[in-house]
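These notes concern the structure reproduced below.
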Amino acid sequence: MPFSDSSTSRPREAGSARTVRARSPLALTWLTALWVGVLGNWPLWQRMWGMPDYAGASGKLFVIVFAGIVIMVLAAAFSLLAWRVAVKPLLTLMLLMTAPLAYFIGSYGVIIDSTMITNALQTDVRETRDLLGWGLVAHVVVIALIPLIWIWRQRLTDKRWFKRLGWNLASMALALALGVGLAATRTADLASTLRNNKVLTKMVSPINAIWASAALAAQKQKKPKGPLEVVAADAKLTPRAAGARPPLVLLVVGETARSENFQLNGYGKPTNPELSTKPVLSYREVASCGTSTAASLPCMFSQLGREVYVDHPGNQQTLVDVLQRAGLAVLWLDNQSGCKGICDRVPNAQAINPARPDHPIPAGLCRADGECLDEVMLHDLDARIAALDPQRVARGVVLVLHQMGSHGPAYYLRTPDDRKPFQPECRSNALQQCELEQVRNAYDNTIAYTDHVLAKAIDWLGTQEQRFDPSLLYVSDHGESLGENNLFLHGMPYALAPKQQKHVPLILWLPEQTRQSQKLDSACLTQRRDTPMSHDGLYHTVLSLSGVETSVYRKDWDWVGACRRN
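Per the numbering used here, the sequence shown starts with residue 84, numbered consecutively.
Okay, structure coming up:
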């Protein structure tokens, strides 16, 4: 057996009444595989145990068989780690990976794939803080620290490397043979699970994280090195009539806002009290490019569209690069974890940095830990425009505001204390410990606050009408799960994600003077509120609203293009 390919006795030490038996490294790997398979994957077993597909005695038996297969796969994989010098550090890594994975999968229903790994790598300190809690500590202690104390106390046997390799390969072969044998007892059920419930395979920890990390590394290797590919090299500004005002496009990129929680889209709670009184258009059937910021944001600012972008290995310039090349003044203000490289080549700033050193951010907008409410992005916009190249400003301005929005799980931190109309709200980042109504109240408060921020942005744009033809576009990068089907947060694989994670709000504000200068038919714009749209149209809509001509522009993807009179 791999648990005892050899053993030795430790000499008695002074004062010791017993000897400590030396164990094979394979014993540690098999015991760790059992521990990780059973306890470290409790979210998987809980999910399967409650699924209708596995109801009844036969279904429960299959869950047990499937657990055995998972344990054997882990044992086979861990057998490759069973080298005397390396086994303890490597098993430590496996357990320390498994513990947080169990917490996040079990608490929020997240799925671990390459996109989720990207999200984790791009998460900043503020976002990481929101995800920490006593539940995570408990998982690390129980799943990782307790077995690690035992593992590091063990004395290990030693063998020559070729004998150790032979034992390790034999152990892996044994584990695989046992796994195949278990699979053979329920072939039909296993095939059905792998075909119809693919999400379950992404819940097997830590293999899910290792596989996803390898897939991400392979994706990055495919990405061409060198400078960015130039896109829309022919971009230029449409000539304006004498006396015509330049455009001022305010693009607000929302965060984690889902369409169905907007009063403007038929939601039963008054989450849009201020926008409901303004002449805005809310489009109700808009699909996101991804289910996370890391996936959606770069895709939104690409001309390719989702179907091409997800498989495109290229390294291209973005919408803001094209706008700047055309001669416009561009500014990206960020109140989140960054622009994912999109804004690196245009003027950009963190919203927490005031436009003028002598004009500090008003009290109450930022906390001591450095996180600011989204209203901070509206502070001193006139001064920010004044700091841009005046020749470009004379041609037109595009401002991009990247919100903190409804970023979870600590929704309650995204809103000021005097703007929480829905009570009681969940004031914890452990959403599963709150009543669902409290979770939704906290989330709806963030939507109501976004409503307030957008209304204030429109008020500011109204003060610019003597100088510019202003417009506002608001669209969220992705949606959010709020407990439906026991899922929280976002980031599910797109093909498996529920509608709540892909159905996003799109709000358009165009004052009459801008509609006239853009030759847009108001009735047509209103009639298109239920027309299916997607993030594919953002690139082309901003080009048209900012007066940029280029061969890559697609009128059929432009959200307002169908309503423009010739």
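Glycine included, each C-beta is placed from N, C-alpha and C at the ideal position.
Span of the beta strand (DSSP E) around residue i
i	result
Leu-173	Looking at the DSSP string, Leu-173 is not in any beta strand (DSSP E); the run it does join, the alpha helix (DSSP H), is 170–191.
Ala-256	Premise fails: Ala-256 lies in the alpha helix (DSSP H), 244–268, not in any beta strand (DSSP E).
Ile-444	Segment: none, Ile-444 is in no beta strand (DSSP E) and carries neither H nor E.
Asp-552	552–559
Span separating the alpha-carbon of residue i from that of residue j
i	j	result
Val-429	Ala-274	51 Å
Gly-146	Gly-562	Per the sequence shown, the amino acid found at residue 146 is Val instead of Gly. Taking the straight line from one Cα to the other gives about 32 Å.
Pro-553	Ala-297	46 Å
Gly-63	Ala-370	With the chain covering only 84 through 649, there is no way to say anything about residue 63.
Asp-641	Leu-402	14 Å
Arg-278	Leu-257	26 Å
Gly-424	Gly-337	17 Å
Thr-201	Gln-549	44 Å
Asp-472	Ala-324	22 Å
Trp-128	Gly-142	12 Å
Ser-723	Val-413	Nothing about residue 723 can be read from this structure; the chain reaches only from 84 to 649.
Asn-291	Ala-466	48 Å
Leu-514	Gly-218	11 Å
Gln-601	Pro-322	13 Å
Ser-564	Pro-507	19 Å
Trp-543	Leu-184	45 Å
Glu-312	Met-487	30 Å
Thr-498	Leu-464	21 Å
Trp-235	Thr-268	37 Å
Pro-329	Ala-477	7 Å
Gln-474	Ala-221	58 Å
Arg-439	Gly-410	25 Å
Ile-188	Asp-619	30 Å
Gln-521	Leu-248	55 Å
Lys-171	Thr-115	11 Å
Trp-37	Gly-262	Since the first residue shown for the chain is 84 and the last is 649, residue 37 is missing from the structure and cannot be characterised.
Reference residue i, options the options, closest by Cα
i	options	result
Ala-540	Asn-398, Leu-591 and Ala-253	Leu-591
Met-155	Leu-117, Ile-444 and Leu-184	Leu-117
Gly-120	Ile-226, Arg-104 and Phe-187	Ile-226
Ala-394	Ala-301, Glu-357, Asp-404 and Gly-421	The identity of residue 394 in the sequence shown is Asp, whereas the question assumes Ala. Closest option to Asp-394, Cα to Cα, is Ala-301.
Ala-525	Cys-509, Gly-349 and Gln-237	Cys-509
Gln-433	Arg-439, Pro-381 and Gly-421	Gly-421
Pro-353	Asp-457, Arg-130 and Arg-502	Arg-502
Cys-426	Gly-192, Pro-504, Gly-351 and Gln-400	Gln-400
Ala-606	Asn-568, Arg-648, Leu-628 and Gly-566	Arg-648
Lys-361	Pro-594, Leu-628 and Ala-327	Pro-594
Leu-164	Gly-192, Met-134 and Ala-110	Ala-110
Asn-418	His-485, Ser-489 and Thr-339	His-485
Glu-518	Thr-529, Asp-500, Phe-571 and Leu-537	Phe-571
Own chain residues within Cβ distance below 7 Å of residue i, not counting five before or after
i	result
Leu-608	Leu-364, Val-643 and Cys-646
Leu-231	Thr-175 and Leu-178
Cys-449	Ile-435, Cys-455 and Val-459
Asn-355	Phe-345, Gln-346, Leu-347 and Asp-534
Met-84	Reliability fails at Met-84, whose pLDDT of 45 lies under 50, so the model's placement of it is uncertain and the value that follows must be treated cautiously. Around Met-84: no qualifying Cβ.
Thr-374	His-561, His-573, Gly-574, Met-575, Tyr-577, Ala-580, Gln-584 and Lys-585
Met-616	Tyr-366, Glu-368, Val-369, Leu-589 and Trp-642
Ser-629	Pro-330, Val-332, Leu-406, Leu-411, Gly-479 and Val-481
Residue i - containing alpha helix (DSSP H), residue span
i	result
Pro-126	125–133
Tyr-526	519–545
Pro-362	First-last for Pro-362: undefined, no H or E at that position.
Tyr-622	621–628
Pro-108	108–118
Ser-605	605–610
Ile-147	139–162
Ser-379	376–383
Cβ-heavy atom distance, residue i to the ligand MN, below 7 Å
i	result
Val-225	You won't find the ligand MN in this model; it holds no ligand whatsoever.
Close beta carbons around residue i, own chain, < 6 Å, minus the five adjacent residues each side
i	result
Ser-162	Thr-112, Asn-251, Ser-254 and Met-255
Arg-167	Pro-108, Leu-239 and Asp-241
Arg-408	Ala-318
Leu-331	Val-480, Gln-547, Phe-551 and Pro-553
Val-483	Leu-334 and Trp-415
Arg-637	His-623
Ala-100	Its pLDDT being 46, under 50, Ala-100 is placed unreliably in this model, and the value from its coordinates should be taken loosely. Result list for Ala-100: empty, nothing under 6 Å.
Ala-665	Residue 665 cannot be examined here, being either before or after the span of the chain that is shown, 84 to 649.
Val-405	Ala-315 and Ala-318
Val-635	Ala-315 and Gln-386
Val-153	Gly-120 and Val-287
Val-67	Within the shown structure, residues of the chain are numbered from 84 to 649, placing residue 67 beyond reach of any answer.
Cβ-based neighbour list, residue i, same chain, cut-off 8 Å, excluding 5 preceding and 5 following
i	result
Ser-379	Ser-371, Cys-372, Gly-373, Asp-560, His-561 and His-618
Handout entry: Three or more C-beta pairs below 8 Å linking the stretch 587–602 and the stretch 543–558
Key = As far as the Cβ criterion goes, the stretch 587–602 touches the stretch 543–558, which means the pair count is three or higher.
Practice task
Please determine if the stretch 279–291 and the stretch 188–196 are in contact, where contact requires at least 3 C-beta pairs separated by less than 8 Å.
Solution key: Three or more beta-carbon pairs separated by less than 8 Å link the stretch 279–291 to the stretch 188–196, which places the two stretches in contact.
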